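Numbering (my numbering), first residue to last: 1 to 115.
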């Protein structure tokens, strides 16, 4: 089954991508938890926010990548760079034609004969 973001008539607006990064500081033998490290959930939420700000109704075919790279910053100090990327396709609901109403011109009111 094709995921269409819950839309009846989706129209693809184009690709959307976000990248979050942060640094975890810790000792050489253990990693200390940090609020600076982004998560996949945060990247996915940022992806949906970015798409909605740009006029999309949903994001389909969402994927993500989570990478950790250890950086040696000194003889006894280690930092870990965390990068999270998320990407997908922004879609919007297609406007449905209104049939005969769209083809009919709007009628102007008749002028008042008594005035």
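All residues carry an ideal CB built from backbone N, CA and C; glycine is no exception. In this text the structure is predicted, and so the values were computed from the model without any measurement.
Among the options, whose alpha-carbon lies nearest the alpha-carbon of residue i?
i	options	result
residue 89	64, 36, 70, 79	64
residue 82	8, 21, 73	21
residue 48	79, 58, 92	58
residue 44	91, 93, 86, 92	86
residue 71	10, 18, 9, 23	23
residue 68	8, 39, 10, 18	39
residue 93	84, 56, 80	56
Can you grab the Cα-Cα spacing for the pair residue i / residue j, in whole Å?
i	j	result
residue 12	residue 95	13 angstroms
residue 16	residue 78	33 angstroms
residue 36	residue 14	30 angstroms
residue 60	residue 73	40 angstroms
residue 66	residue 25	18 angstroms
residue 10	residue 54	16 angstroms
residue 1	residue 75	At residue 1 the pLDDT is 40, less than 50, meaning the model places this residue with poor confidence and gives no usable figure here.
Hey, quick one: how far does the alpha helix (DSSP H) through residue i stretch, first residue to last?
i	result
residue 42	40-53
Along the beta strand (DSSP E) that carries residue i, what are the first and last residues, could you check?
i	result
residue 76	Note, residue 76: premise wrong, no beta strand (DSSP E); not H, not E.
residue 67	58-72
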